[in-house]
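Numbered per the UniProt record's numbering, the sequence shown spans residues 1 to 465. Backbone N, C-alpha and C fix where the C-beta goes; we use that ideal spot for every residue, glycine too.
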Amino acid sequence: KADNIFTAQQQDFRLFMNMPLSLAGMITNVINIVVFLDSEMRTQLVNHFLLALSISDFLLLLFNFFFNIFPVIATMSSSVALQDSYPLILWYAYPLALITQTCGVYFTVLVSVHRYLGVCHPFRAKRWVSSQPVRLAIAFSILFSIALNIPTWMELEIAPCHSHQWNQQLRTITLTALKDSRLYLLIAKVIVYTLVMFLVPFTVLIVVNIRIIIALKQSTHLRSMHSSARIENRSRILQNFQLLKASKYSDVFSKFSKLSNVSPGMKPTQASLKGGLRDRSVTFMLLAIVLIFLICNVIPFLNNCVEAWRIYTDSEEAEHVMDKEPQAWFDISVELGNILISLNSSSSLFVYLFFSSKYRSIIKQWLGLQRRTRVNGVALTTAVAAQKALELGMFPEEAERRERRRSGLGNLRGGKGGRYVVGRPRLASTGARKNQMQLMLITNRTSSQPESIDEAVEDEFNEID
């Protein structure tokens, strides 16, 4: 009967709290998986880790359902098939749940380390972090999780048992001699499990995220100092640009302003502002994921410490200390720990919705609230070529000076004192002017292009949150 296997409190915790949370979490993780498989999300490497984390969370909730919840449903039912099948399902679900839990822990660590490199060591991250190392890190985490939990397949076994209730032979699950071995429990559960599943990942996550927070504070301080320095020189720069605007070459100088990413008021461009906000938003999103992970794993960590103490101390002494009432409280703590693990695996969708504008945009496109806009690669390339042709055609001296710089011949001498004197721009040949006009016409026809070529290039090739 169910009363002989699960207590009433265990049934309530698993059926009325853990089961709804697990089912909802599986739905949210399916949404996460589909979103991160979108072509717009796969351009950023951190989303590869988040995709792997969403898959592991989904599988963890699935195996958790068959490991913790399905046996309760089976033992409470009057179906012989369910009561005969749940031991076999539990035998598979138990090690698979531990494997996916280990994967989720180390995917979270990889996400934090990846962001740490991007925030604290951006130049090294550009050299080291590419698609190939990311795939290798994910594959290594999966193989490590499988290897670590291989012994768990040998902790349980299925044995036939005659049921007096049904007057027939049914399958039951029992502990093996390995699970009863105190030496195995001491090594596998006390030392290895505590070290690999709690101490190492907790230490790495705490240290890495503290460094990220410190770097964010320093970045904010440097931004404020840079803004104040810009304001001091703003009046002089404004006067120069006002003089330039009064000339008939105002469109030329406006073009120079866009090419150098500097506006007349020395304000950052919209693209640079979007890039900075996007980068900080991704960082805060990952910090929130790690914070939820740490909070939800506190009670499981304490439960593991109690289990380790019970294994390490003499069994009779542990049974004496863990009397009926303390044991009941410990059982409740174990159920709460399982619920928190399910909560951690189910809550990531809300973090992504809150912090990631790209995630919200894809969800809106699904719901028909927003139209998907894609950058035309051919039009973008044509526009960049038109910009280059226009620049080189209108300023041949500037093009020659750049070519001399590349070849190491030094700066072009011109004007008084070796300065470059801006005169009337020389027009290119008739054929060159014709090519320029054709390119400009092609560019004007691409109505889907952004207002600024530089913003389009940055939006196309920059990281997408």
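**OP:** Would you mind sorting Asn167 into buried or exposed? The rule is 16 or more other CB atoms within 10 Å of its CB.
**Re:** Here residue 167 corresponds to residue number 167 of the sequence shown, with the count starting at 1. Answer is exposed; the Cβ neighbour count stays below 16.
Original post:
Does DSSP put residue 472 in a helix, in a strand, or in coil?
Top reply: Here the chain has residues from 1 to 465 only, and residue 472 is not among them.
Original post:
Between which two residues does the alpha helix (DSSP H) containing Leu349 stretch?
Top reply: Looking up residue 349 in the sequence shown gives position 349. Segment Ser348 to Phe355, the alpha helix (DSSP H) holding Leu349.
Original post:
Hey, out of Lys358, Asn344, Phe65 and Gln365, whose CA is closest to Gly104's CA?
Top reply: Locating residue 104 in the sequence shown gives position 104, counting from the first residue. The candidate whose alpha carbon is nearest that of Gly104 is Asn344.
Subject >> Cβ-Cβ distance between Ala93 and Phe58 below 7 Å >> reply: Counting from 1 along the sequence shown, the entry for residue 93 is found at position 93. Counting from 1 along the sequence shown, the entry for residue 58 is found at position 58. Not in contact: Ala93 and Phe58 (Cβ atoms no closer than 7 Å).
Subject >> Simplified DSSP state of Asn209, which is helix, strand or coil >> reply: Counting from 1 along the sequence shown, the entry for residue 209 is found at position 209. In the structure shown, Asn209 adopts helical secondary structure according to DSSP, grouped into three states.
Original post:
Any Cβ of chain D within less than 7 Å of the Cβ of Ser141?
Top reply: Among the chains of the structure shown, chain D does not appear; only one protein chain is present.
**OP:** Determine the DSSP secondary structure at Leu162, reduced to helix, strand or coil.
**Re:** Translated into positions along the sequence shown, residue 162 becomes position 162. A small fix is needed here, since residue 162 is His in this sequence, not Leu. Reduced to three states, the DSSP call for His162 is strand.
Original post:
How is Arg171 classed by DSSP in three states: helix, strand or coil?
Top reply: Translated into the one-based positions of the sequence shown, residue 171 becomes position 171. Strand.
Original post:
Closer than 6 Å: is that where the CB of Leu340 sits relative to any heavy atom of the ligand MN?
Top reply: Looking for the ligand MN in the displayed structure turns up nothing, as the structure carries no ligands at all.
Original post:
Quick one: what's got a C-beta closer than 8 Å to Val196's C-beta in the same chain, skipping five residues either side?
Top reply: Reading the sequence shown from its first residue, position 196 is the one you call residue 196. Counting only Cβ-Cβ distances below 8 Å, and skipping sequence neighbours, we find Thr102 and Leu148.
Original post:
Just the Cα atoms here: how many angstroms apart are Ile69 and Ser219?
Top reply: As a position in the sequence shown, residue 69 is number 69, starting the count at 1. As a position in the sequence shown, residue 219 is number 219, starting the count at 1. Near 47 Å, if we compare the C-alpha coordinates of Ser219 and Ile69.
Subject >> For Lys217, the nearest candidate out of Phe202, His164, Asp180 and Phe284 (CA to CA) >> reply: Counting from 1 along the sequence shown, the entry for residue 217 is found at position 217. Considering only alpha carbons, the answer is Phe284.
Original post:
What is the DSSP secondary structure of Thr28, reduced to helix, strand or coil?
Top reply: Indexing the sequence shown from 1 puts residue 28 at position 28. Helix, per DSSP.
**OP:** Could you tell me the distance, in whole angstroms, from the CA atom of Ser333 to the CA atom of Ile299?
**Re:** Locating residue 333 in the sequence shown gives position 333, counting from the first residue. Locating residue 299 in the sequence shown gives position 299, counting from the first residue. Answer to the nearest angstrom: the Cα atoms are 7 Å apart.
Subject >> Same chain, Cβ closer than 7 Å to Phe67, five either side skipped, listed in chain order >> reply: On the sequence shown, position 67 is the one that residue 67 refers to. These residues qualify, in order along the chain: Leu90, Ala93, Tyr94 and Ala97.
**OP:** Would you check if the distance between the CB atom of Val134 and the CB atom of Leu45 is smaller than 7 Å?
**Re:** Residue mapping note: residue 134 aligns to position 134 of the sequence shown, counting from 1. Residue mapping note: residue 45 aligns to position 45 of the sequence shown, counting from 1. Their beta carbons are under 7 Å apart, which means Val134 touches Leu45 by this criterion.
**OP:** Can you tell me which of Leu294, Thr373 and Phe350 puts its alpha carbon nearest to the alpha carbon of Ile27?
**Re:** Indexing the sequence shown from 1 puts residue 27 at position 27. Measuring from the Cα of Ile27, the nearest candidate turns out to be Phe350.
**OP:** Enumerate in chain order the residues of its own chain whose CB-to-CB distance from Asn209 is below 7 Å, with the five nearest sequence positions on each side excluded.
**Re:** The count along the sequence shown starts at 1 and reaches residue 209 at position 209. Only Ser112, Leu287 and Val290 meet the Cβ criterion.
**OP:** Check each candidate in Thr313, Thr373, Ser356 and Trp366 and name the one with the smallest Cα separation from residue 475.
**Re:** Since the first residue of the chain shown is 1 and the last is 465, residue 475 is not available in this structure.
**OP:** May I ask you to report which of helix, strand or coil DSSP gives Asp38?
**Re:** The residue given as residue 38 occupies position 38 in the sequence shown. Coil.
Subject >> Phe107 vs Phe198 beta-carbon contact at 7 Å >> reply: Indexing the sequence shown from 1 puts residue 107 at position 107. Indexing the sequence shown from 1 puts residue 198 at position 198. Contact flag unset, no.
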